[in-house]
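So the number in the working numbering is just where the residue sits in the sequence shown, counting from 1, plus 449.
Where a beta carbon is used, it is the ideal one built from N, C-alpha and C, also for glycine.
Remember, it's a predicted structure, so these values are computed and weren't measured experimentally.
Worksheet for the structure shown next.
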Amino acid sequence: MSQILVIVHQENSNCGLVGQILEENGYELDVRRPCLSESLPDTLDDYAGAIVFGGPMSANDDQTLPFIRTELEWIERAIASGKPYLGICLGAQLLARSLGAKVRPHPQEIVEIGYVPIRPTVAAPDFPTTVYHWHQEGFELPQGAVLLAQSDEFPNQAFRYGDSVYGLQFHPEMNEMLLDRWTTNGIDQLTRPGARSRAEQFQDHARYGAAVEAWLRRFLPQWLQAKSLSDAA
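Structure (structure tokens):
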């Protein structure tokens, strides 16, 4: 059985739809938590790819959180390996920093929490147009990367670097269980400028969640096949 290396940033983190779809497609998830001092593999030789999920910390916390520094260095090696890499929210910001780009908060302290419209570029015509967010920082587009989606408040929403390295500012893994957990545990964040209320988020999930899931079911296999396609070229 092929393995996917998964990095999460809280003890009880859940991979949501991403994990569900990968397991349905026969992949085994090897979940690591560097934030709890769990080690990362030296190489990705035994893995089909790697996914780095989100978390409440900042990609700029490498001076105060040693595991963030460890992850930044590890991501550089992961990219160099040529294996598929998918960064989600914090994972995308860490990817951007590893590629030399900056990660910053919104200048007006606006956040994106809840379903937010994005504009796919011509490089990603299949992307969904309304997706789930929970973040207060955004990334610059790394040099050499292809911009895949934008939004009004955080212009860089997704990018591809090479054939199989992706950074997504949004959370395609969102399902009802995660939505309930996040809006319960983070309810104090829902009054910030740019945040949708808990009720609005559930309404929006009912409206937009199925389209995001349909896209994710297409995207994940294509992402994991990208490396083998490159090898065959």
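- Query: Is Q452 helix, strand or coil when you go by DSSP?
  - Reply: strand
- Residue range of the alpha helix (DSSP H) that R630 falls in? 625-634
- Task: Identify whether T499 lies in helix, strand or coil by the three-state DSSP scheme.
- Result: Sequence inspection shows Ala at residue 499; the Thr mentioned does not correspond to that position. The answer is strand: DSSP assigns A499 an E or B state.
- When I524, Q618, G611, I500 are compared against P566, the one with the closest alpha-carbon: Q618
- Please look up how many angstroms separate the CB atoms of H620 and H582, rounded, as I've assumed it's under 8 angstroms. 7 angstroms
- Message: Suppose you measure from the CA of N461 to the CA of A541; what does that come to, to the nearest Å?
- Response: 20 angstroms
- Message: Buried or exposed for E522, going by 16 or more other Cβ atoms inside 10 Å?
- Response: exposed
- Task: Check F608 in the structure and name its three-state DSSP category.
- Result: strand
- For D494, which three-state DSSP category applies? coil
- Item | DSSP-derived helix/strand/coil call for Y476 | coil
- Message: Please report the distance separating the alpha-carbon of E473 from that of P490.
- Response: 24 angstroms
- Task: Take K532 and list the residues in its own chain whose beta-carbon comes closer than 7 angstroms to its own, dropping the five residues that flank it on each side.
- Result: L493, Y496, G498, A499, K676
- Query: Measuring CB to CB, does D479 end up less than 7 angstroms from Q452?
  - Reply: yes
- Message: On a Cα-Cα basis, can you pick out the residue from T513, L627, F651, P574 that is closest to L466?
- Response: L627
- Contact set for E589: own chain, Cβ-Cβ below 7 angstroms, skip 5 residues either direction: A545, A550, K551, N605
- Query: Residue range of the beta strand (DSSP E) that Q599 falls in?
  - Reply: 595-599
- Message: Using 8 angstroms for Cβ pairs, my map puts G643 next to E602. What's the rounded Cβ distance?
- Response: 6 angstroms
- Message: Cutting at 8 angstroms between CB atoms, please list the residues of its own chain near R666, excluding the five before and the five after it.
- Response: I470
- Query: Can you tell me whether DSSP reads P483 as helix, strand or coil?
  - Reply: helix
- What's the C-alpha gap between R647 and T632? 6 angstroms
- Take S424 and list the residues in its own chain whose beta-carbon comes closer than 6 angstroms to its own, dropping the five residues that flank it on each side. The structure shown does not extend to residue 424, since the chain is modelled only from 450 to 682, so the question has no answer here.
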